Amino acid sequence: MLMSKHSLLRAAWLLGASLLLAARPGLAQGDAPPALRLEPAAEALIERGVNNSAELAGALAKLREAEAELGIARADGAPKLDLKAEAGKAHEQRSDGQKSSRVDGQRRQANLTFRWELDLFGRQRARSQAAQAQQAAVEADLQAARLALANSLRAELLRLRSAGLAQRQRGELLATLQHQQQLEQMLLAAGLRGAGDQLEGEAELEQRRAELAQQEQQRQHALLRLVRLSDIEAGEWQALADGPLPEHRVPAQLPLQSLAQRPDVRAAEARLRGSSASATAAKAALWPSVALEANMQRLRNGGGLAGALRDSTDRFLGLGLAWALLDGGERRAQRDAAQARAELAAAEFRRVTLEAAEETQGALARAQELGSAANHADRAARQARQAAQLSEQRYRLGIDSLLQRLRQDRQALERELLAQDLRGEQLQAALKLERALARP
3 MLMSKHSLLR AAWLLGASLL LAARPGLAQG DAPPALRLEP AAEALIERGV
53 NNSAELAGAL AKLREAEAEL GIARADGAPK LDLKAEAGKA HEQRSDGQKS
103 SRVDGQRRQA NLTFRWELDL FGRQRARSQA AQAQQAAVEA DLQAARLALA
153 NSLRAELLRL RSAGLAQRQR GELLATLQHQ QQLEQMLLAA GLRGAGDQLE
203 GEAELEQRRA ELAQQEQQRQ HALLRLVRLS DIEAGEWQAL ADGPLPEHRV
253 PAQLPLQSLA QRPDVRAAEA RLRGSSASAT AAKAALWPSV ALEANMQRLR
303 NGGGLAGALR DSTDRFLGLG LAWALLDGGE RRAQRDAAQA RAELAAAEFR
353 RVTLEAAEET QGALARAQEL GSAANHADRA ARQARQAAQL SEQRYRLGID
403 SLLQRLRQDR QALERELLAQ DLRGEQLQAA LKLERALARP
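Add 2 to a position in the sequence shown, counting from 1, and you land on the number used in our numbering.
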């Protein structure tokens, strides 16, 4: 049984929304957080990178195709006026009963035809609506691609900055460990330390050197990714590598309407509308087409051709009806196929809506988790730095030894490095939440 376009769309949307509210009640409340954005210079370069990207060329081509298809669908319902003209030599055979003769002359003929199909059953209107919905879906796909690319560039630039900060912190930590190891060697030589302590210190030094090298690889990889995604030279991205890391507040909850603004949800909804309109057009194609038709034919002969045909004009104005009475069931099969595509689009809309809710809720939970961990790590790093400053004062007063001061510095640097790593992960999680919200 063929469902109407409106009932199909309403059923899909109500089911998707009800499942969202049942499965993700936290999404129905709260205000959307401010978008995570970098400083103006970085955002300008990101915009340049998005405009330069070759990855959007395919989406732009699909948009141009959808716009052309919409023009074709709209033209289908417009009046048609055709002009055909012919001119050339003509021959006529004449006979008087005893002999025949051939007469040559010139013939000129013009035919003007007008046809305007009346959309009595809504086929043309449904086709136009389907093409318009398809264009809206492709526009949403293009917006989704642009937003995804912009967020990918932000993520890689933040990785570049985080890797640079962590690299400097690891360098300071390595220098502190090396100084501490030198003192440990002196104590070992004096018999105040065991060989096991010395070997343990050397192993930690090697581990820190490996981490420093790995950090440099991560920084280079982020830089290469920026170049590949944006087609902008590495030097321009490198100039922004020392920029600040943005502050970002993670919300406790998100509003449900934020999901409806996602481009993939809007694209799925548009495709559902388009498929429903196509099903309506396929149903209307079962009925006859009625058109207003007019025709004028002008014929003119010259030379020795028959005088009765020398000059004539035919005119016609009326209604024309065309109905395929026997087509082997082709149109009914086309209707059933269009209905099946509409039902598939409805199922796809529900799937996209539910996945959007799941993705957004998961990104929100991860961002909240890392945000809480980063806050705890920041407090621990501040406390460790205060302890290191106190140890510095005690060292200057002769209360603590240099080795004790270095140990406090090392602990503070390790806590700061952990806080920095968590801060970078928290920003990446915030960007994943941005991708899930897909806000411009």
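Just so you know, even glycine gets a beta-carbon here, dropped at the ideal spot from N, CA and C. Note that the structure is predicted; figures quoted are calculated from it, not measured.
Taking only the alpha-carbon atoms, compute the straight-line gap between residue i and residue j and give it to the nearest angstrom.
i              : j              : result
isoleucine 401 : glutamate 213  : 34 angstroms
alanine 132    : leucine 62     : 20 angstroms
arginine 227   : histidine 181  : 36 angstroms
arginine 230   : glutamine 388  : 43 angstroms
glutamine 126  : alanine 286    : 9 angstroms
serine 393     : methionine 188 : 21 angstroms
arginine 343   : glutamate 141  : 21 angstroms
methionine 5   : glutamate 350  : Here methionine 5 scores only 47 on pLDDT, less than 50, and its place in the model should not be relied on; the value that follows carries that caveat. One C-alpha to the other measures close to 17 angstroms.
leucine 129    : arginine 334   : This sequence places arginine at residue 129; leucine is not what is there. When rounded, the distance between both Cα atoms is 17 angstroms.
alanine 2      : arginine 441   : Residue 2 is absent from the structure shown; the chain starts at 3 and stops at 442.
serine 154     : leucine 366    : 18 angstroms
glycine 331    : serine 277     : 21 angstroms
alanine 347    : alanine 262    : 17 angstroms
leucine 274    : arginine 353   : 12 angstroms
tryptophan 239 : leucine 225    : 7 angstroms
alanine 284    : aspartate 78   : 15 angstroms
leucine 72     : glutamine 134  : 6 angstroms
glutamine 381  : glutamate 218  : Looking at the sequence itself, residue 381 is arginine, so the reference to glutamine does not match. Cα to Cα, arginine 381 sits roughly 27 angstroms from glutamate 218.
aspartate 329  : glutamine 336  : 11 angstroms
serine 280     : lysine 82      : 23 angstroms
leucine 356    : alanine 269    : 14 angstroms
threonine 282  : proline 290    : 15 angstroms
Consult DSSP for residue i and reduce its assignment to one of helix, strand or coil.
i                 : result
alanine 440       : coil
serine 55         : coil
aspartate 244     : coil
alanine 359       : helix
alanine 139       : helix
lysine 434        : helix
glycine 237       : helix
glycine 373       : helix
aspartate 402     : coil
glutamine 255     : coil
aspartate 316     : strand
alanine 92        : strand
phenylalanine 474 : In the structure displayed, the chain extends from 3 to 442; residue 474 sits before or after that span and is not available.
glutamate 427     : helix
glutamate 71      : helix
glutamine 299     : strand
Comparing alpha-carbon positions, which option in the options lies nearest residue i?
i             : options                        : result
leucine 435   : Ala283, Ala135, Ala358         : Ala358
glutamine 145 : Ala87, Gln363, Ala215, Lys64   : Lys64
aspartate 84  : Asn297, Ala59, Leu38, Leu429   : Asn297
glutamate 174 : Arg417, Leu429, Ala440, Gly426 : Arg417
arginine 264  : Arg437, Ala112, Ala70, Lys82   : Arg437
arginine 368  : Gln255, Ser164, Leu58, Ala152  : Gln255
proline 36    : Ala191, Ser280, Pro248         : Pro248
serine 44     : Ala165, Gln137, Leu159, Asp338 : In the sequence as presented, serine is not what sits at residue 44; that position holds alanine. Nearest option by C-alpha distance: Leu159.
arginine 110  : Ala365, Ala376, Gly331, Ser314 : Ser314
glutamine 137 : Glu238, Gln222, Glu67          : Glu67
valine 52     : Leu151, Ala383, Asp411, Asp338 : Leu151
glutamine 395 : Gln410, Ala46, Gln200          : Gln410
leucine 408   : Arg161, Asp106, Gln222, Glu186 : Glu186
arginine 210  : Gln169, Arg317, Ala59          : Gln169
glycine 166   : Leu58, Gln200, Gly426          : Gly426
serine 164    : Leu120, Leu58, Asp266, Pro246  : Pro246
proline 465   : Gln108, Leu242, Glu88, Ala80   : The displayed coordinates of the chain run from 3 to 442. Any statement about residue 465 would go beyond what the structure contains.
Taking C-beta to C-beta, are residue i and residue j nearer than 8 angstroms?
i             : j              : result
leucine 114   : valine 292     : no
glutamine 422 : glutamine 220  : no
histidine 250 : leucine 38     : yes
glycine 295   : arginine 117   : At residue 295 the sequence reads glutamate, which differs from the glycine that was named. Result yes, Cβ atoms of glutamate 295 and arginine 117 sit closer than 8 angstroms.
leucine 272   : alanine 139    : With the sequence shown as reference, residue 272 is identified as alanine, and leucine is not the correct amino acid for it. In this structure, alanine 139 lies closer than 8 angstroms to alanine 272 by Cβ.
valine 252    : alanine 432    : yes
isoleucine 48 : arginine 161   : no
arginine 50   : isoleucine 234 : yes
glutamine 200 : leucine 190    : yes
Quick check on residue i - is its C-beta less than 8 angstroms from some C-beta in chain C?
i             : result
glutamate 295 : Protein chains in the displayed structure number just one, and chain C is not present.
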